[in-house]
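Asks:
2 protein chains.
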Amino acid sequence: MNLEQVARRAKVSTATVSRVLNNASVVKTSTRARVLKAIEELKYHPNLHARNLAGGKSRTIGMILSNMENPFFFDIYQTVEKDAHAAGFEVVVANTNYRSEQLVASIRLMIGRRVAGLAVVVSEMDPALMDELTDSKIPVVFYDVGAPRRNITNIRVNYRRGIDKIIDYLYSLGHRRLAFIGHHATLGPINERVKTVLDAASRYPDLDIRTAADDDTLDGGRLAARALLSGTHPTAILCVNDVMAVGALRELRERGLRVPQDISVTGFDNVKLAEFCYPALTTVHIPRDRIGHLICESLLAKSEHTEVADHEMVIDPELVLRDSTGPAPAR
Amino acid sequence: MNLEQVARRAKVSTATVSRVLNNASVVKTSTRARVLKAIEELKYHPNLHARNLAGGKSRTIGMILSNMENPFFFDIYQTVEKDAHAAGFEVVVANTNYRSEQLVASIRLMIGRRVAGLAVVVSEMDPALMDELTDSKIPVVFYDVGAPRRNITNIRVNYRRGIDKIIDYLYSLGHRRLAFIGHHATLGPINERVKTVLDAASRYPDLDIRTAADDDTLDGGRLAARALLSGTHPTAILCVNDVMAVGALRELRERGLRVPQDISVTGFDNVKLAEFCYPALTTVHIPRDRIGHLICESLLAKSEHTEVADHEMVIDPELVLRDSTGPAPAR
DNA sequence: TTGAAAGCGGTACCAG
DNA sequence: CTGGTACCGCTTTCAA
């Protein structure tokens, strides 16, 4: 089923059919009606590949995420998609699961699709890939990773500030033995995240801090907590995100450790689940909707050739106090 | 950057470049090397649209879901994608958020993309759309909705059995005043789901049951529970899925109602979160991985023209007992 | 307002 | 083993 068949049935040329499909206003009303009727009768659906090929431009923006299962990433995706739809764009996503080979494959795929713009929201990033992307001429926005370059906008959160706030707060509650739960990610900002935490903690000479890492999942959080609990346990556990914190919560519960009486726990991101788990998590709010808006705005502007400074935007996160933290237990 | 430029640089024809791209074994090693080098140097990425157009076949399968945010849908997506990748296919997803206009748009989009197969895992379904799909000649698999047709496989779960198990169990614990929390979805199996529940409950003449509905989210579950709690409250709340159950749990907690001492709660699906929330949910296990495998298997088989009976597969779910249910409180 | 025809970037068949 | 070339389905001048 193609343009030509529709054209034949409506007794017009393919050019005219194409015009009504793209509602060029030049078509005479009666002609348009005939074409529409033919399309309807033939149940014709234009081939988007052909359309893209001929048109040169793509109307779809790509998005690559480290872990869509984690609401942090998913929320960003949701708002990007909503904004994109509002602007008449489609969104196609790819999940890397923190695997850099998957990142490579996804980026190649997106370039192959000639997307109108690409949002890269991942923790793993290879400089060589950056080049590949830059050379592709595709408008790109990074979240969290990489440095600003030509044609690339960078949005990031000031993690250090967030971590500082958590640690200050915990310290003020009397906690001196801390632990940090991260997730596996050999490259990029996660290790950097660990470093950030260690660094932030080192501001207090009498603060002790250990770390553990596992998958970025509920189970991963649980396992990491388990690893941390052998021997004398910390009085507070900082988690790299809310999902892992909920996982940790379960391990503590099953060991009979009360939160926050026996041990405090903090999350990061402030996803919806942080309010619904028990106890509700003290966490740091990362405005995912704002990040999503920024991403979309930047991408759409670029794809329309509207000039936009390729600046780096940095977001300052806020502490959210709930029920998973309390005074350090007396020893 | 296109085939021709690569061909020119490698001093071969576009046909040859195409051959090495698709590793046709006929190319002489030295020639292949030259081409590969040119590709590398030019950072050439084949245009997938052109490839699809020329090749006619698509190597990507489409997937339409009602609510990717709900792990039930997401888990199915994950396993489909894994299987698809293993078979060399890409997956492109679309989220309808239970909006049937969005379903229409998504289906059109998938047809336009000429996907090699389409998995439709939604609660809302319009018969007219089914025709549109059927006419498109695209291999389709439905989960849960619609009836078997030519070219369409149907996978479904025997909800009635699952509900029966829950109600029997609750009844045996002495519960007589029940409530059911569903989610908004005017069309299709959700209302059908409500009917199923009412029907199952009617087997016990002394069983009283009320219903409430809201969005399929944590907040929705909470709101629905709130609506149910005015006046004399039920002794047990059945939820249409685990996510809404976790939402309900929160409302109960904030009202000072203990689960399961004061009130029992059940979920459905048995997503990971059901184990990690507090208290852990009694629920019904729906094997999402199996569903995902079936979907992919069926789609790939069809797209390879391997003959596969378009049968309807039905899955029998099992009850999973955890901590959110207990004996009905004495009055 | 409409039609003819030249691409868009590949694939695949036919010769050589 | 390699090159020439006719499409794939649609958009977009250019003329009429």
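Quick mapping for you: the protein sequence lines, in order, are chains A and B.
If you count the first sequence from 1, position 237 lands on 236 in numbering that gives the first Met the number 0, and the numbers rise without skipping.
If you count the second sequence from 1, position 108 lands on 107 in numbering that gives the first Met the number 0, and the numbers rise without skipping.
The C-beta atom is built at its ideal place from N, Cα and C for all residues, glycine as well.
Small disclaimer: the values here were computed from a predicted structure and weren't measured.
#1: Taking the Cβ atom as the reference point for each residue, do Ile-137 (chain A) and His-44 (chain B) lie within a distance shorter than 8 Å?
#2: Mapping the DSSP letters down to three states, classify Leu-280 (chain A) as helix, strand or coil.
#3: Anything in chain B within Cβ reach of Tyr-97 (chain A), meaning under 8 Å, just list it in chain order.
#4: By the criterion of Cβ-Cβ separation under 8 Å, what are the contact partners of Ala-226 (chain B) in chain A?
#5: Label Gln-77 (chain B) either buried or exposed according to how many other C-beta atoms from any shown protein chain fall within 10 Å of its C-beta, with 16 as the threshold for buried.
#6: Have a look at His-232 (chain B) and Ala-199 (chain A) and give me their C-alpha separation to the nearest angstrom.
#7: Anything in chain B within Cβ reach of His-44 (chain A), meaning under 8 Å, just list it in chain order.
#8: Compare the C-alpha of Arg-257 (chain B) against each of B:Met-0, B:Cys-238, B:Thr-324 and B:Ser-24 and name the closest.
#9: Mind reading off the beta-carbon distance from Glu-3 (chain A) to Thr-15 (chain A)? Whole number of angstroms is fine, and I expect it under 8 Å.
#10: What are the start and end residues of the alpha helix (DSSP H) that includes Tyr-203 (chain A)?
#11: Determine the DSSP secondary structure at Arg-252 (chain A), reduced to helix, strand or coil.
#12: Is the Cβ-Cβ distance between Thr-216 (chain A) and Val-245 (chain A) less than 8 Å?
#13: Does the distance from the C-beta atom of Arg-175 (chain B) to that of Ala-115 (chain B) stay below 8 Å?
#14: Within a Cβ cutoff of 7 Å, which residues of the same chain sit near Gly-173 (chain B), ignoring the five residues on either side of it in sequence?
#15: Pick from A:Arg-98, A:Arg-112 and A:Glu-100: whose alpha carbon is nearest that of Glu-89 (chain A)?
#16: For Gly-111 (chain B), which three-state DSSP category applies?
#17: Specify, as a first and last residue, the run of the beta strand (DSSP E) that Met-67 (chain A) falls within.
#18: Write down the C-beta distance between Leu-227 (chain A) and Ile-236 (chain A) rounded to the nearest angstrom, noting that I regard them as a contact closer than 8 Å.
#19: Would you say the stretch 280 to 288 of chain B touches the stretch 58 to 76 of chain B, given that touching needs at least three Cβ pairs under 8 Å?
#20: Roughly how many whole angstroms lie between the Cα atoms of Arg-18 (chain A) and Leu-132 (chain B)?
#21: What would DSSP say about Thr-30 (chain A), mapped onto helix, strand or coil?
#22: Measure the C-alpha to C-alpha separation of Arg-33 (chain A) and Ser-24 (chain A) and round it to an integer number of angstroms.
#23: So, does the CB of Gly-246 (chain A) fall closer than 8 Å to a CB anywhere in chain B?
#24: Please list the residues of the stretch 249 to 270 of chain A that have a C-beta atom closer than 8 Å to any C-beta atom in chain B, keeping them in chain order.
#25: For His-182 (chain B) and chain A, any beta-carbon pair shorter than 8 Å?
#26: What does Glu-68 (chain A) touch in chain B if you count any residue whose Cβ is under 8 Å from its own?
#27: Can you give the Cα-Cα distance for Lys-271 (chain B) and Lys-27 (chain A), rounded to whole angstroms?
#28: Apart from the five residues just before and just after Arg-252 (chain B), which ones in its own chain have a Cβ nearer than 8 Å to its Cβ?
#29: I want to see whether chain A comes within less than 8 Å of Val-356 (chain B), judged by CB atoms only; does it?
#30: Less than 8 Å between the C-beta atoms of Gly-161 (chain A) and Val-283 (chain A), yes or no?
#31: Determine, using beta carbons only, whether Asp-213 (chain B) and His-182 (chain B) come nearer to each other than 8 Å.
#32: Quick one: complete beta strand (DSSP E) runs, 3+ long, within the stretch 70 to 140 of chain A?
#33: Per the DSSP calculation, Val-295 (chain A) is bridged to which residue(s)?
#34: For a contact defined as C-beta to C-beta under 8 Å, what are the partners of Glu-89 (chain B) on chain A?
Replies: Judging by the given coordinates:
#1: no
#2: coil
#3: Result: empty, since nearest Cβ-Cβ is about 14 Å, beyond 8 Å.
#4: Ordered by position in chain A, no residue passes the 8 Å Cβ test against Ala-226 (chain B), which lies about 18 Å from the chain.
#5: buried
#6: 49 Å
#7: Arg-107, Ile-110, Gly-111 and Ser-135
#8: B:Thr-324
#9: Not confirmed; about 12 Å, so no contact.
#10: Neither: Tyr-203 (chain A) is in no alpha helix (DSSP H) and is coded neither H nor E.
#11: helix
#12: no
#13: no
#14: Pro-326 and Ala-327
#15: A:Arg-112
#16: helix
#17: Counting along the chain, Met-67 (chain A) falls outside any beta strand (DSSP E), and DSSP gives it neither H nor E.
#18: 7 Å
#19: yes
#20: 25 Å
#21: helix
#22: 15 Å
#23: yes
#24: Arg-249 and Arg-252
#25: no
#26: Pro-70, Phe-73 and Gln-77
#27: 58 Å
#28: Val-258
#29: An answer regarding residue 356 (chain B) cannot be provided, because it is not within the stretch 0 to 330 covered by chain B.
#30: yes
#31: yes
#32: 89 to 94 and 116 to 120
#33: Per the sequence shown, the amino acid found at residue 295 (chain A) is Cys instead of Val. DSSP output for Cys-295 (chain A) lists no bridge partner at all.
#34: Leu-108
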